[in-house]
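Report on the structure given below.
2 protein chains.
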Amino acid sequence: MSATILLVEDEERLARFIELELTSEGYSISVAHDGFTGLTMARESPPDLLILDWMMPGMTGLEVCRRLRATGSKVPVILLTAKDEVSDRVAGLDAGADDYVVKPFSIEELLARVRAHLRRNHEDNPDLLQFDDLTLNRSSREVHRSGRSIELTAKEFELLDYLISHPRQVITRDQILEKVWGYDFMGDSNIIEVYVRYLRLKLEENQEKRLIQTVRGVGYVLRE
Amino acid sequence: MSATILLVEDEERLARFIELELTSEGYSISVAHDGFTGLTMARESPPDLLILDWMMPGMTGLEVCRRLRATGSKVPVILLTAKDEVSDRVAGLDAGADDYVVKPFSIEELLARVRAHLRRNHEDNPDLLQFDDLTLNRSSREVHRSGRSIELTAKEFELLDYLISHPRQVITRDQILEKVWGYDFMGDSNIIEVYVRYLRLKLEENQEKRLIQTVRGVGYVLRE
DNA sequence: GTGCTGGCTCAAAAGCTGCTGAGGGTTTGG
DNA sequence: CCAAACCCTCAGCAGCTTTTGAGCCAGCAC
C-alpha cells in the first residue's frame with residue numbers, strides 16, 4: 125500500500141509538476157489549490173504527509189498548519205516557501221511544520237525530504253519488515269534469515285510479525301495473547317512458550333544467534 | 125527535567141558558541157570534538173537530540189549518523205553543513221538525518237529546529253526516563269548507568285521505575301509497598317531493604333556515587 | 001557508655017517461570 | 001479416507017527470583 129500525500133499549492137503549473145513527480149515515485153497524491161480546501165481535505169481523509177505552499181491567497185499554508193495542529197493532527201508537514209528570511213523559517217517551524225523547502229528547489233531535494241518524513245511515520249505499517257539478518261514479508265508471507273527461506277505456520281507467522289514490528293521493545297505475555305490469540309486465556313496455558321520455542325527452533329536452525337530473547341517475568345523481545 | 129543535547133563539532137570556537145546559546149536556552153549540552161568520540165558518547169548516554177557537523181576529520185557526521193541508525197537509534201539528528209549542493213542534502217536525509225542546517229546559519233534558525241525536533245520526539249517517546257547518569261527505558265526495559273548496561277529482575281525494575289519517575293521526591297515505605305508489591309504487608313518484612321540493596325549493588329558496581337538515598341524513618345529518595 | 005530503633009547484610013528456603021518432550025484432538029489436502 | 005500438518009495441553013525439571021529470618025551495625029536519646 126503506497127503512502128498518500130496531500131499537496132496544497134495555488135500555482136497550477138508547479139502543482140502539476142510536483143504531482144507528476146510524486147506519482148511517478150509511486151505515491152498516491154491528491155491536490156488542493158487553496159488553503160481552505162486543503163484544510164478540509166486534510167481533515168476528511170488525513171494523508172500520510174502534507175506538502176503546503178506557504179503563500180496562498182486566502183488561507184496561507186502556515187495557517188492551515190496551525191489549525192491542523194490545533195486539532196491534534198500529527199501528520200508530517202513540509203512547507204514550500206519563497207521566503208528565505210530567518211524570521212519566517214522560525215515562524216514556520218514553531219507553528220508546527222516539520223520541515224520546509226525554499227523555492228526554487230530541485231525536485232530531488234523535495235523527494236529526499238518526503239522520503240525522510242515518510243520513513244519516520246510510515247514505519248508503522250510497511251510490508252517488508254526487517255531486523256538484523258531476518259526479514260518478514262507481509263504480502264508474500266515469506267520469512268528469510270541470512271538468505272535461507274523459512275517456512276512458518278500461521279500462528280508462528282503472526283507471532284513473529286508482532287515481534288518484528290516492535291523491534292527492541294519488550295512485549296508482554298498479555299499483549300501477545302491479546303494480539304495473536306485474540307482472547308484472554310482462562311486458567312494457565314504455556315502456549316506462548318511453546319510457540320516461541322517453535323520459532324526459535326526454526327530461526328536458529330544453524331546455530332545462528334538468538335534474536336527472540338526472554339525477559340523473565342514480563343515477556344519477550346526481539347534483540348541482538 | 126531539561127532536554128539533553130549532544131553536539132559534535134570539530135571547530136572549537138563554533139562549538140563553544142553553540143554550546144553557550146543552547147545552555148542559555150535551558151538545555152543540557154555535552155560536546156564532542158570528533159566523530160568517534162561523538163558516536164561513543166551518543167551510545168553510552170543517548171541524548172534527546174544530536175547535532176552533528178558533517179565535515180570532520182576522521183569519522184564524518186554522516187557516518188556517525190549512519191552507524192547510530194544501524195543500531196536502531198531513533199534520536200533526532202540535525203546535520204550542520206557548509207555544503208549547499210542538492211546531492212549532499214539528499215545523501216544526508218537518506219542516511220537517516222532528520223534535518224540539516226547550512227552554514228553559515230543564524231543561531232535563531234538552529235534554535236527553532238531544535239525546538240521543533242524536541243517537541244516531536246518528546247511526544248512519541250515518553251518512555252525514556254533519566255536521572256543523572258542513569259537511564260531507564262520502559263519499552264525496551266533497559267537500564268544504563270554511565271554507558272554500561274545493567275540487568276535487572278522484574279521487581280528490581282519496578283522499584284527503580286517508581287523511584288526514577290519521582291526524582292528528588294522522598295517515597296515512603298508504604299508507598300513503595302503499595303506500588304511495587306501491591307498490598308499492605310502484614311507483620312514486618314525487610315523486603316524493601318533487600319531490594320534497595322540489590323539495586324545499589326548493581327547501580328554502584330564501579331564505585332559510582334550513591335543515587336538511592338535512605339531517609340531514615342521515612343523511606344528512600346533518588347538524589348545526587 | 002547503654003539501650004533502643006531502624007536499616008543493612010547475608011545466605012538459605014520457598015516459590016515461580018520458562019523450557020522441553022511427548023502426545024492428543026482437529027483441520028487440511030491428496 | 002488417510003496421512004500429514006497444525007494447534008494446543010500437560011507434566012517434569014532446572015534455574016532464577018523472591019521472600020524470609022537471624023544477626024549485625026549506625027545513629028540517636030538518655
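These protein sequences, in sequence, are chains A and B. Counting in our numbering, the first sequence runs from 125 upward without gaps. Counting in our numbering, the second sequence runs from 125 upward without gaps. We put the beta carbon where it would ideally sit given N, CA and C, even for glycine.
Could you pull the start and end residues of the beta strand (DSSP E) that residue i belongs to?
| i | result |
| --- | --- |
| A/Glu266 | 266-269 |
| B/Gly343 | 343-346 |
| B/Leu176 | 173-177 |
| A/Arg292 | Careful: A/Arg292 lies outside any beta strand (DSSP E) and carries neither H nor E. |
| A/Tyr224 | 223-226 |
| B/Asn314 | Careful: B/Asn314 lies outside any beta strand (DSSP E) and carries neither H nor E. |
| B/Ala106 | Nothing in the structure corresponds to residue 106 of chain B, since chain B is present only between 125 and 348. |
| A/Phe229 | A/Phe229 -> no beta strand (DSSP E), and no H or E assigned at all. |
| A/Val304 | No beta strand (DSSP E) contains A/Val304, which DSSP labels as neither H nor E. |
| B/Val201 | 201-205 |
| A/Ser349 | The structure shown does not extend to residue 349 of chain A, since chain A is modelled only from 125 through 348, so no value can be given for it. |
| A/Arg262 | Here A/Arg262 belongs to no beta strand (DSSP E), and DSSP marks it neither H nor E. |
Could you check the C-alpha separation between residue i and residue j for me, to the nearest Å?
| i | j | result |
| --- | --- | --- |
| B/Leu301 | A/Thr296 | 23 angstroms |
| A/Gly162 | A/Phe255 | 38 angstroms |
| B/Met125 | A/Lys279 | With a pLDDT of 49 at B/Met125, under the threshold of 50, the modelled position of this residue cannot be trusted, and the question is left open. |
| B/Gly196 | A/Asp257 | 14 angstroms |
| A/Glu143 | A/Tyr151 | 9 angstroms |
| A/Pro291 | B/Lys333 | 33 angstroms |
| B/Leu346 | B/Arg265 | 19 angstroms |
| A/Leu335 | B/Met165 | 26 angstroms |
| A/Tyr80 | B/Leu146 | Given that chain A is displayed from residue 125 to residue 348, the structure contains no residue 80 of chain A and the question cannot be resolved. |
| B/Val339 | B/Val267 | 24 angstroms |
| B/Gly341 | B/Asp298 | 12 angstroms |
| A/Arg71 | A/Ala215 | The structure shown does not extend to residue 71 of chain A, since chain A is modelled only from 125 through 348, so no value can be given for it. |
| A/Ser230 | A/Trp178 | 17 angstroms |
| A/Gln331 | B/Glu135 | 47 angstroms |
| A/Asp312 | B/Ala127 | 44 angstroms |
| A/Glu232 | B/Leu253 | 39 angstroms |
| A/Ala194 | B/Asn314 | 51 angstroms |
| A/Arg321 | A/Leu287 | 14 angstroms |
| A/Ala221 | B/Ala219 | 22 angstroms |
| B/Glu282 | A/Glu348 | 24 angstroms |
| B/Glu329 | A/Asp223 | 44 angstroms |
| B/Gly306 | A/Leu327 | 39 angstroms |
| A/Lys227 | B/Arg140 | 33 angstroms |
Determine, using beta carbons only, whether residue i and residue j come nearer to each other than 9 angstroms.
| i | j | result |
| --- | --- | --- |
| B/Arg239 | B/Asp251 | no |
| A/Leu91 | A/Asp172 | Outside the displayed range of chain A (125 to 348) lies residue 91 of chain A, so it cannot be described from this structure. |
| B/Phe160 | B/Gly182 | yes |
| A/Ala156 | A/Leu192 | no |
| A/Leu234 | A/Ile274 | no |
| A/Phe204 | A/Val225 | As written in the sequence, residue 204 of chain A is Leu, which differs from the Phe given in the question. Cβ atoms of A/Leu204 and A/Val225: closer than 9 angstroms. |
| B/Leu323 | B/Asp285 | no |
| A/Val201 | A/Pro170 | no |
| B/Arg237 | A/Leu217 | yes |
| B/Val304 | B/Gly343 | no |
| B/Gly271 | B/Arg137 | no |
| B/Ile129 | B/Ser154 | yes |
Does chain B have any CB closer than 9 angstroms to the CB of residue i?
| i | result |
| --- | --- |
| A/Gly162 | no |
| A/Leu204 | no |
| A/Glu233 | yes |
| A/Gly150 | no |
| A/Ala194 | no |
| A/Val339 | yes |
| A/Ala127 | no |
| A/Val155 | no |
Since residue i is in the alpha helix (DSSP H), which residue starts that stretch and which ends it?
| i | result |
| --- | --- |
| A/Gln331 | Segment: none, A/Gln331 is in no alpha helix (DSSP H) and carries neither H nor E. |
| A/Ala166 | 159-168 |
| B/Phe281 | 278-288 |
| B/Ala139 | 136-148 |
| B/Val188 | 185-194 |
| B/Arg340 | It is not in any alpha helix (DSSP H) - B/Arg340 carries neither H nor E in the DSSP assignment. |
Does residue i get closer than 9 angstroms to chain A when you measure Cβ to Cβ?
| i | result |
| --- | --- |
| B/Leu217 | yes |
| B/Lys279 | yes |
| B/Arg334 | no |
| B/Asp222 | yes |
| B/Val342 | no |
| B/Arg366 | Nothing about residue 366 of chain B can be reported from this structure: the residues present for chain B run from 125 to 348 only. |
| B/Val345 | no |
| B/Val214 | yes |
| B/Ala139 | no |
| B/Ala240 | yes |
### Task
Residues of the segment 291-318 of chain A with a CB closer than 8 angstroms to any CB of chain B: list them in chain order, please.
Residues are counted here when their Cβ sits less than 8 angstroms from a Cβ of chain B; for the segment 291-318 of chain A these are Pro291, Arg292, Gln293, Val294, given in chain order.
### Task
For the segment 256-267 of chain B, enumerate the residues whose C-beta is nearer than 7 angstroms to any C-beta of chain A, in chain order.
Those would be Ser263, Ser264, Arg265, in chain order.
#### Entry: chain B contacts from the segment 174-199 of chain A (Cβ-Cβ distance under 8 angstroms)
Residues of the segment 174-199 of chain A with a C-beta atom less than 8 angstroms from some C-beta of chain B are Lys198, listed in chain order.
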